[in-house]
Amino acid sequence: MIDIELIRQQPELVKAGMIKRNMQPALIDKARSLDSRRRELLVDVETLKAERNKASKEIGASKDKTAREEKIAAMRAVGDRIDALDSELAAVDAQLDELMATLPNVVEDRVPAGGEEANVVVKEWGDKPKFDFVPKAHWDLGPQLGIINFDQGVALTGSRFYVLSGAGARLQRAIISWMLDLHIRQGYTEKYTPFLVRSETLFGAGQLPRFAENLYKDHEEDLYMIPTAEVPLTGLHMGEILDEADLPRRYTAYSPCFRREKMSAGRDVRGIKRGHQFDKVEMYKFCTPEDSVAEFEQMMADAEATAQGLGLPYRVILKGAGDTSEAAHISFDIEAWAAGCGEWLEVSSISRVGDYQARRAAIRYRPKGGKGTRFVHTINGSGLALPRVMIAILENNQQADGSVRVPKVLAPWMGGVDVIRAEK
RNA sequence: GGAGGGAUGGCCGAGUGGCUUAAGGCGGCGGUCUUGAAAACCGUUGUGGGUGGCAACACCCACCGGGGGUUCGAAUCCCUCUCCCUCCGCCA
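Just so you know, this note's numbering puts 349 at position 273 of the first sequence, and the rest follows in order with no gaps.
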């Protein structure tokens with residue numbers, strides 16, 4: 077949620093942001109007119125309520141029966157007018173809230189206007205591997221090694237599901253453990269959260285109402301399966317007022333993620349690139365506005381360290397406004413090179429969210445010495461999405477005989493397996 | 001699943017229709033005392049919104065788990081939902 081005050085004071089700035097994202101700037105004018113109508117109604121209804129409060133107090137204190145009866149009758153009429161104005165106000169409030177809930181965050185100046193086509197490569201790291209044979213794609217390599225079984229996933233659940241087996245399952249678990257331990261060393265506190273959350277929690281993180289159709293829902297209980305650990309991590313301090321001394325808070329969490337992928341139906345259908353269920357290790361920070369740029373840059377470095385540690389060549393992308401998360405001021409993606417399918421795969425997205433989520437989830441802090449409360453700033457980033465990391469490792473580290481070298485850092489979790497060979 | 005009891009400010013906790021502008025305590029902040037600190041004492045201390053003001057601030061409205069209702073007036077009465085606790089049952 078953006079600050080209504082920003083819309084009042086600098087509507088043109090907010091509109092410019094909408095235009096950069098290819099969205100309708102007229103929505104800002106709509107918000108302004110609803111806001112001013114709301115304030116007119118508030119003045120009227122609050123004046124009447126003040127009158128009623130005063131009279132009610134007098135009624136309570138009065139001993140004169142006739143005077144009491146007269147006042148009660150008069151207040152009955154005032155009460156009716158209050159009811160009428162209140163319901164009109166509630167209608168305006170509901171419209172304004174609904175609109176505000178859908179407005180995206182204002183992007184930074186350096187974010188290019190336009191959608192995905194406007195994305196800019198800002199950095200490349202590592203060398204693409206060279207082969208003296210034709211490298212295979214993981215959808216061939218995985219089944220040949222016996223570590224990815226697509227048929228079983230389809231039989232169990234349906235398309236875009238798969239089963240990992242033996243060294244494949246172990247490799248994924250090793251990456252998760254290594255990443256969590258790395259993030260802990262980087263100063264994050266590990267969290268294990270529910271993977272089912274209420275709608276309020278999703279609203280706080282900005283997933284609802286916009287992504288409703290992309291979420292799996294238990295209709296009986298009004299619970300949703302999380303699309304990312306960012307959701308429960310945002311919710312950890314929902315409704316709280318933190319002390320400045322407690323900031324920054326840096327969390328990391330492993331979780332499975334569930335997405336219907338309705339919006340990208342038909343894309344990336346081969347292999348394990350875009351399943352309905354995937355695992356991810358997430359990083360999340362709550363900090364003061366003053367610290368948020370530095371904490372964001374540090375998280376970028378922390379995410380890059382995971383790709384570097386695994387020896388994955390990657391590039392960093394500054395996302396175009398239309399492709400930037402609606403909650404974010406700015407987002408960078410980390411894309412790992414996958415030699416077999418010959419693609420850059422998005423393995424991480426790091427976003428500086430400002431107070432957008434904090435407003436929605438009511439997460440504030442008390443500034444040291446200062447008065448009142450301020451909204452915290454939040455930052456989120458994936459410490460790499462597992463299936464795509466698996467793809468990059470398998471495809472980049474494959475050898476002529478079809479075996480795959482395991483990155484050295486994973487050794488402690490691989491039980492001595494340094495090369496994955498075809499399973500019997 | 002069954003029965004009962006709860007949810008009050010940063011925290012604990014009183015409060016069953018108008019003397020509550022939510023008692024009291026803890027914590028926080030300021031002060032007195034002290035070489036300094038502790039203790040003691042005094043004062044102060046919620047959130048959101050609106051109006052006016054350059055501003056410090058002033059005034060008003062709302063908020064006692066969420067939503068709805070009764071009433072001139074609700075923390076208090078009624079309905080409903082959520083969550084927590086105790087006991088029983090069932091299951092891992």
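Just so you know, even glycine gets a beta-carbon here, dropped at the ideal spot from N, CA and C.
Whole-angstrom C-beta distance between residue j and residue i, which should lie under 8 Å
| i | j | result |
| --- | --- | --- |
| valine 465 | valine 423 | 6 Å |
| glutamate 103 | leucine 175 | Sequence check: residue 103 is leucine here, not glutamate. Right, the Cβ-Cβ distance comes to about 6 Å (below 8 Å), so this counts as a contact. |
| alanine 383 | isoleucine 410 | 6 Å |
| arginine 325 | threonine 178 | Not a contact, Cβ separation roughly 28 Å. |
| leucine 386 | isoleucine 469 | 7 Å |
| glycine 280 | methionine 359 | Actually they are not in contact, since the Cβ atoms of glycine 280 and methionine 359 sit about 18 Å apart, beyond 8 Å. |
| phenylalanine 226 | proline 219 | 7 Å |
| alanine 415 | proline 205 | 5 Å |
Member of the options whose CA lies at the smallest distance from the CA of residue i
| i | options | result |
| --- | --- | --- |
| histidine 352 | Trp420, Arg114, Ser340 | Ser340 |
| valine 480 | Glu402, Ile455, Ile223, Asp344 | Ile223 |
| tryptophan 413 | Ala167, Glu200, Arg186 | Glu200 |
| isoleucine 148 | Ile158, Phe362, Ala131 | Ala131 |
| glycine 202 | Pro389, Ala92, Ala166 | Pro389 |
| alanine 107 | Val90, Glu122, Val121, Leu117 | Val90 |
| aspartate 355 | Glu306, Pro443, Glu297 | Glu306 |
| glutamate 419 | Pro101, Pro211, Thr142 | Pro211 |
| arginine 236 | Met77, Ala381, Glu471, Phe334 | Phe334 |
| tyrosine 441 | Val121, Glu373, Arg336, Gly315 | Gly315 |
| isoleucine 317 | Thr449, Pro488, Gln100 | Thr449 |
| phenylalanine 271 | Tyr330, Leu110, Gln262 | Tyr330 |
| alanine 92 | Asn181, Ile135, Glu296, Leu117 | Asn181 |
| alanine 166 | Glu337, Asp111, Val239, Thr123 | Asp111 |
| leucine 486 | Gly416, Pro303, Glu266, Ser253 | Ser253 |
| leucine 299 | Val273, Pro308, Leu284, Leu291 | Val273 |
| threonine 265 | Leu323, Gln228, Ala461 | Leu323 |
Where residue i sits in the DSSP three-state scheme
| i | result |
| --- | --- |
| aspartate 409 | strand |
| glycine 191 | coil |
| phenylalanine 226 | helix |
| phenylalanine 334 | strand |
| lysine 106 | helix |
| glutamate 316 | coil |
| isoleucine 496 | strand |
| arginine 440 | strand |
| tyrosine 238 | coil |
| aspartate 294 | strand |
| methionine 339 | coil |
| valine 196 | strand |
| methionine 77 | coil |
| phenylalanine 362 | strand |
| phenylalanine 451 | strand |
| valine 357 | strand |
| serine 368 | helix |
Spatial distance of residue i from residue j (CA atoms)
| i | j | result |
| --- | --- | --- |
| histidine 453 | aspartate 216 | 44 Å |
| leucine 312 | aspartate 367 | 20 Å |
| aspartate 169 | isoleucine 80 | 13 Å |
| valine 495 | valine 482 | 6 Å |
| valine 429 | alanine 498 | 45 Å |
| glycine 190 | arginine 350 | 24 Å |
| cysteine 484 | asparagine 473 | The sequence as given places lysine at residue 484; cysteine does not occur at that position. Rounded to the nearest angstrom, the two C-alpha atoms are 12 Å apart. |
| glutamine 433 | isoleucine 406 | 14 Å |
| methionine 255 | valine 357 | 7 Å |
| arginine 84 | asparagine 195 | 31 Å |
| glycine 234 | leucine 221 | 22 Å |
| serine 138 | arginine 128 | 15 Å |
| serine 425 | glycine 282 | 16 Å |
| glutamate 157 | methionine 151 | The sequence shown places arginine at residue 157, not glutamate. Their Cα atoms are separated by approximately 10 Å. |
| isoleucine 251 | asparagine 98 | 38 Å |
| alanine 397 | alanine 288 | 22 Å |
| cysteine 363 | threonine 310 | 12 Å |
| glutamate 192 | aspartate 399 | 5 Å |
| aspartate 344 | proline 188 | 26 Å |
| arginine 336 | isoleucine 348 | 15 Å |
| isoleucine 302 | cysteine 417 | 29 Å |
| glycine 136 | alanine 437 | 41 Å |
| glutamine 228 | glutamate 320 | 51 Å |
Beta bridge counterpart(s) of residue i as assigned by DSSP
| i | result |
| --- | --- |
| tryptophan 201 | Tyr390 |
| leucine 421 | Ala412 |
| histidine 352 | In DSSP, histidine 352 forms no bridge with anything. |
| isoleucine 426 | Phe408, Gly457 |
| glutamine 474 | Val480 |
| threonine 265 | Tyr327 |
| lysine 139 | None; lysine 139 has no bridge partner. |
| phenylalanine 279 | Its beta-bridge partners do not exist; DSSP assigns none. |
| valine 501 | Any question about residue 501 goes unanswered here, given that the chain covers just 77 to 500. |
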